[in-house]
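The listed protein sequences derive, respectively, from chains A and B. Per this note's numbering, the first sequence starts with residue 1, numbered consecutively. Per this note's numbering, the second sequence starts with residue 114, numbered consecutively. All C-beta atoms, glycine included, are put in the ideal place defined by N, C-alpha and C.
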Amino acid sequence: GGIITQTPKFLIGQEGQKLTLKCQQNFNHDTMYWYRQDSGKGLRLIYYSITENDLQKGDLSEGYDASREKKSSFSLTVTSAQKNEMAVFLCASRGLGGRGEQYFGPGTRLTVL
Amino acid sequence: GDSVTQKEGLVTLTEGLPVMLNCTYQTIYSNAFLFWYVHYLNESPRLLLKSSTDNKRTEHQGFHATLHKSSSSFHLQKSSAQLSDSALYYCALSPSNNNNAPRFGAGTKLSVKP
């Protein structure tokens, strides 16, 4: 089996700060995703990447940048943290195209002071 | 575009009662896959079950769901709720023949009380 790791587990930032979240997977999956989880709003897609060096915007891409440095890693940057923002960011990966299940990481919990 | 609707944000049940979490969807793709993911507190979300076959019951870990394309539904059911079923449940849709990202519903929090 494989695993997805996300670093850091907890991230505390200041208003206006640029913050970077990292995700690594060893499934050898082609596609990776970043989601934001807010209570009552489900999993909202920020960015995804079909293959190395590919980037696709999701519904919530404004205010974020992403980078797929290599097949196994996918980074997300909050370009300017918003005061009092709190959310969990989940990374996922998937093989087998549309019929495959997604595998999720444990999440990064962001708090902006 | 594709969409998934989970109308109930919170479902509270007494242990032993049946569970039914609703999921309806809209898609232009005839061979879309429907998924149920479960997210327990302090764990990663994981797949509970999936289906793309019309009118076929899919089961896993005591839960079951049947995809009904005529009504665009994929409701999650269990005959008897357990305390350990308390979690967040997401319904998701994915076209089977392209690389579009899956579309998730808003999620339903299931709270099972003694």
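- Sixteen is the threshold: when 16 or more other Cβ atoms of the shown chains lie within 10 Å of the Cβ of L45(A), as they do, the residue is buried.
- Listed in chain order, the non-local C-beta contacts of D65(A) below 7 Å within the same chain comprise T77, T79, local neighbours out to five positions each way being set aside.
- Here DSSP, grouped into helix, strand and coil, assigns S197(B) to helix.
- Each residue's CA atom was taken as its position, placing D198(B) and D167(B) some 26 Å apart.
- Using a 10 angstroms sphere on the CB of G63(A), the tally of other CB atoms stays under 16, which defines it as exposed.
- Comparing alpha-carbon positions, the option among K226(B), P158(B), S184(B) lying closest to V88(A) turns out to be P158(B).
- Cβ contact annotation for F217(B) (same chain, cutoff 7 Å, sequence separation greater than five): V117, Y203, A205, in chain order.
- The distance from the Cβ of M86(A) to that of L110(A) is about 7 Å, consistent with a contact at the 8 Å cut-off.
- The C-alpha of R68(A) is placed about 7 Å away from the C-alpha of L55(A).
- Residue burial annotation: H188(B) is buried, with at least 16 other C-beta atoms found within 10 angstroms of its C-beta.
- In chain order, E101 make up the part of chain A whose C-beta sits under 7 Å from the C-beta of K163(B).
- The closest CA to that of Y150(B), considering only P208(B), A178(B), S192(B), is found on A178(B).
- Taking CB atoms only, Q119(B) has a neighbour in chain A less than 9 Å away.
- Residues of the region 207-221 of chain B with a C-beta less than 9 Å from any C-beta of chain A: S207, P208, S209, N210, N211, N212, N213, A214, P215, R216, F217, G218, A219, G220, listed in chain order.
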